[in-house]
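Written below as structure tokens is the structure these notes are about.
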Amino acid sequence: MPVAAITALQAVRDKARLQSGQRVLINGASGGVGSFAVQIAKAMGAHVTAVCSTRNVEMVRALGADEVIDYTQNDFTEGEPRFDAVIDMIGNHSLLQMLQVVKPDGSLVLVGSIQMNPWWGPLVRPGRAWLLSFFVSQRLEPMLAEIKVDDLQVLTRYAEAGQLQAVIDASYSLAEVPPRSPMSKADGPAARWSSRSGESGLRVIPIACRLAAVPRAHVASRHSQQS
Numbered sequence: 071m072p073v074a075a076i077t078a079l080q081a082v083r084d085k086a087r088l089q090s091g092q093r094v095l096i097n098g099a100s101g102g103v104g105s106f107a108v109q110i111a112k113a114m115g116a117h118v119t120a121v122c123s124t125r126n127v128e129m130v131r132a133l134g135a136d137e138v139i140d141y142t143q144n145d146f147t148e149g150e151p152r153f154d155a156v157i158d159m160i161g162n163h164s165l166l167q168m169l170q171v172v173k174p175d176g177s178l179v180l181v182g183s184i185q186m187n188p189w190w191g192p193l194v195r196p197g198r199a200w201l202l203s204f205f206v207s208q209r210l211e212p213m214l215a216e217i218k219v220d221d222l223q224v225l226t227r228y229a230e231a232g233q234l235q236a237v238i239d240a241s242y243s244l245a246e247v248p249p250r251s252p253m254s255k256a257d258g259p260a261a262r263w264s265s266r267s268g269e270s271g272l273r274v275i276p277i278a279c280r281l282a283a284v285p286r287a288h289v290a291s292r293h294s295q296q297s
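Be aware that the sequence shown starts at 71, since it is given in my numbering, and climbs by one per residue.
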């Protein structure tokens, strides 16, 4: 959890340079990093638009998103430039498509991608972003998180203030975690979970953690009770 939360914090605060009152779109808002990014952006006073699948709409809204876009129904890249920042966890749209909805002085933060080049792996998208940055007014910000004690303390303060919680979709014992050897064929509940798409939250092997952690279903049910 610390890695996902720190990645989200550094994406929102350092790369997007988000300020209170600004508008941010988070693509992949139901995932481990995305769910933290939604909460951190809200804690910083931003207006948050979250993009996720149908099954996760209520959960993401319960985390504090002001608007939720179901990507199976609508394409967030269509429309006028209206966001001060777009934080992309998925990489399922081209850089130019996403820049269409970023204000001229805004930023596009690239955190992750589901598409990997067979030769260059995750380096292709940041490379394209660097080249494109010479021709557009927006800032393109590929990122790699760095674990810092100060950031862990910031996250702790958010958690203690009730502004940050980890959404847990599934929890496994060490015995259920498949081996990572390329020569072995993984099986078991954890392997089957990891092969499914559209899931939300974090995969957890229980360890001690100071962040508040709640099951995914409890987030949405609590929101519906408050409505």
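From the three backbone atoms N, C-alpha and C, an ideal C-beta is built for every residue, glycine too.
Cβ neighbour criterion (16 or more within 10 Å) applied to residue i
{"i": "Ile217", "result": "exposed"}
{"i": "Val73", "result": "exposed"}
{"i": "Phe205", "result": "exposed"}
{"i": "Leu133", "result": "buried"}
{"i": "Pro41", "result": "The question about residue 41 has no answer, for the chain in this structure spans 71 to 297."}
{"i": "Thr147", "result": "buried"}
{"i": "Gln89", "result": "exposed"}
{"i": "Val156", "result": "buried"}
{"i": "Val219", "result": "exposed"}
{"i": "Gly197", "result": "exposed"}
{"i": "Glu211", "result": "buried"}
{"i": "Asp154", "result": "buried"}
{"i": "Ala231", "result": "exposed"}
{"i": "Gly102", "result": "buried"}
{"i": "Gln92", "result": "buried"}
Range of the contiguous alpha helix (DSSP H) that encloses residue i
{"i": "Ile76", "result": "Pro72 to Leu79"}
{"i": "Glu216", "result": "Unbroken run through Glu216: none, as it is neither H nor E."}
Residue i in three-state terms, based on DSSP
{"i": "Ser267", "result": "Legend: pLDDT at Ser267 = 46, less than 50; position of this residue unreliable, value from coordinates given subsequently. DSSP places Ser267 in coil when its eight states are reduced to three."}
{"i": "Leu169", "result": "helix"}
{"i": "Gln235", "result": "strand"}
{"i": "Gly91", "result": "coil"}
{"i": "Val181", "result": "coil"}
{"i": "Ala229", "result": "helix"}
{"i": "Gly197", "result": "helix"}
{"i": "Val156", "result": "strand"}
Test: residue i CB closer than 8 angstroms to a CB of chain C
{"i": "Val121", "result": "Considering every chain present, this structure includes no chain C. It has just one protein chain."}
According to DSSP, residues forming a beta bridge with residue i
{"i": "Asn97", "result": "Val121 and Asp158"}
Suppose only complete runs of 3+ residues qualify. What are the beta strand (DSSP E) ranges in the segment 99 to 152, listed by chain order? 117 to 122 and 137 to 140
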